[in-house]
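In order, the protein sequence lines correspond to chains A and B. Residues in the first sequence are numbered consecutively from 17, following this note's numbering. Residues in the second sequence are numbered consecutively from 17, following this note's numbering. Remarks on the structure that follows.
There are 2 protein chains.
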Amino acid sequence: MQAAREIFHERGYAETSLADIAERARARGGSLYYFFKSKEKLLEAVLEDYKAIMRPVLLDPIWQKTSDPLERVWSLLSRYRELLLHTEFRYGCPIGNLALQVGHYLPEARVKIDENFRGWRGAVHDCLQEAGSRLPADLDREGLATFILSVMEGGVMQSRCAKSIEPFDASVDVLKDYFSRLQSEGMRPHRKE
Amino acid sequence: MQAAREIFHERGYAETSLADIAERARARGGSLYYFFKSKEKLLEAVLEDYKAIMRPVLLDPIWQKTSDPLERVWSLLSRYRELLLHTEFRYGCPIGNLALQVGHYLPEARVKIDENFRGWRGAVHDCLQEAGSRLPADLDREGLATFILSVMEGGVMQSRCAKSIEPFDASVDVLKDYFSRLQSEGMRPHRKE
DNA sequence: GTCTATAACTCGATAGAC
DNA sequence: GTCTATCGAGTTATAGAC
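Below is the structure:
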């Protein structure tokens, strides 16, 4: 299943054959059917696994680097930046990829992708809550967590196609500017349109 | 080619067979090869066409609704909102879909997808420039245009998977809040971190 | 549990009639 | 130009030996 996760990420779902997965797992194609009754079920297991490893594999190592909740958010975004650079813009966010690859015709997978997004937003939302009074009290922090995921996914998408880190960096820079304005609000009440 | 554009959008590139395309074009599979020497070349022609129709088909009807440059940006985003609602979250941005479907293994297509993104950002950038002094003078308007595309693509991605307009709306709402803060800057100089 | 062998199918692409 | 017919390759999935 680790093999499936890797190759789905590298090549995409449709472009990956079960023989490819079996080869990386040092097995033969037919053996996979002992554990998964179809390619689709294998994908669902991979997506379920992504949910399970998000905290121990993705978040915990980042959370460990700093205890400042806002720094954790920036560090999480940096993780995707490193992924882009490290893979020379070939891969990207594995969940985002699968979202636009199979989200529209594999309903069960779509639901599990949504659950992964919810988990990610939830983790960022926790950071925003923990930031307490450093952000405006009346701020919609759920909405802001969704917004941050949008910026990340959109930035990764653009940088992959541009084969340049520029669009990702530009997106994160603007996000940081927004935060600096949110955090300076204390000095003067913000007037909503 | 219109048929190809539609079905690539609805089903995705890998899930679309040339027979499907020919059927919608009221032709037979073999006939396509008189115009396109491969499925990949057909995709490239579709992406080239997207660039060509962006202005007359996507932008001009929106620009016509209002001459206010910032309203044009919100109206453009509303167009994607309507697309999500109108298709019950099945489709999404056709370029974004293709970006994460084939961007990593069809190099020529990836370049043309990038060109589409550049065109979109360019149109938004023109709006931001036209907004003149309504935005801070020292603002990076190229970066902001990239940011807006990120928010749109990320919002569409999340809403499709959630089958709910909430993530898209939340993303756009936060973006509007950012703009309202940018526009109120005139009242008091903003201190950069 | 893991393998081999293969069934059943789909797809992209080509050849050639008209 | 558009069609029919088909090739060849690759795929998912199954059957059954070991």
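Heads up, the beta-carbon is just placed ideally off N, CA and C, and yes, glycines get one too.
- Shown here, A:D130 sits in a helix according to DSSP, grouped into three states.
- Per DSSP, reduced to three states, the secondary structure at B:L93 is helical.
- Excluding its 5 nearest sequence neighbours in each direction, A:L151 has C-beta neighbours in its own chain below 6 Å: L198, listed in chain order.
- One finds nothing in chain B with a Cβ atom closer than 8 Å to the Cβ of A:V62; even the nearest lies about 16 Å away.
- Contact between A:Q117 and A:A30 holds, with the beta-carbon distance rounding to 7 Å and staying under 8 Å.
- In terms of beta-carbon proximity, A:D84 stays away from the interface with chain B, with every pair separated by 8 Å or more.
- In terms of Cα proximity to A:E124, the closest of B:A178, B:S94 and B:A147 is B:A178.
- Between B:L122 and B:I164, the C-beta gap is not smaller than 8 Å, which leaves the two residues out of contact.
- Scanning chain A for C-beta atoms nearer than 8 Å to the C-beta of B:Y121 yields R27, G28 and E31, reported in chain order.
- Per DSSP, reduced to three states, the secondary structure at A:L155 is coil, with no helix or strand assignment.
- Listed in chain order, the alpha helix (DSSP H) elements of length 4 or more contained wholly in the region 52-85 of chain A are 55-69 and 76-79.
- In this structure, the beta-carbon distance from B:A115 to B:I129 falls below 8 Å.
- Linking A:R134 to A:D76 through their CA atoms gives a straight-line distance of about 17 Å.
- B:W79 and A:V73 have their C-alpha atoms roughly 46 Å apart.
- The CB of B:G138 never comes closer than 9 Å to any CB in chain A; the least such distance is about 13 Å.
- Ranking B:R21, B:G108 and B:R88 by CA distance to the CA of B:K67 puts B:R21 first.
- Across the region 64-82 of chain A, no CB contact with chain B closer than 9 Å is found for any residue.
- Taking the Cα of A:F184 as reference, the smallest distance to any Cα among B:R126, B:S166 and B:Y96 is reached at B:S166.
- Among the residues of the region 92-115 of chain A, those with a Cβ less than 8 Å away from any Cβ of chain B are R106, Y107, G108, G112, N113 and A115, in the order of the chain.
- Sixteen is the threshold: when 16 or more other Cβ atoms of the shown chains lie within 10 Å of the Cβ of B:R137, as they do, the residue is buried.
- Boundaries of the alpha helix (DSSP H) harbouring B:A35: L34 to R40, taken from the DSSP string.
- Residue contact check for B:I37 against chain A: no CB pair falls below 8 Å.
- The three-state reading of DSSP puts A:L122 in coil, since its state is none of H, G, I, E or B.
- For A:L48, there is no enclosing alpha helix (DSSP H), as DSSP marks it with neither H nor E.
- Against chain B, the beta carbon of A:S54 has no neighbour under 9 Å; the closest one sits roughly 16 Å away.
- Annotation: B:S91 to A:D154 spans about 27 Å, alpha carbon to alpha carbon.
- By the criterion of a C-beta distance shorter than 7 Å, B:L34 is surrounded in its chain by G45, L48 and K55, once the five residues flanking it on both sides are discounted.
- Against B:A178, the close residues of chain A are D130, in the order they occur along the chain (beta-carbon pairs closer than 7 Å).
- Rounded to whole angstroms, the gap between the alpha carbons of A:R95 and A:H102 is 10 Å.
- For B:G171, the chain A residues whose C-beta falls within less than 7 Å of its own C-beta are S166, listed in chain order.
- A direct Cα-to-Cα measurement between B:H120 and B:R126 gives close to 7 Å.
- Between B:A19 and chain A, the shortest Cβ-Cβ separation is not below 8 Å.
- The C-beta of B:E169 has 16 or more other C-beta atoms within 10 Å across all chains shown, which makes the residue buried.
- Rounded to the nearest whole angstrom, the C-alpha separation of A:E26 and A:Q18 is 12 Å.
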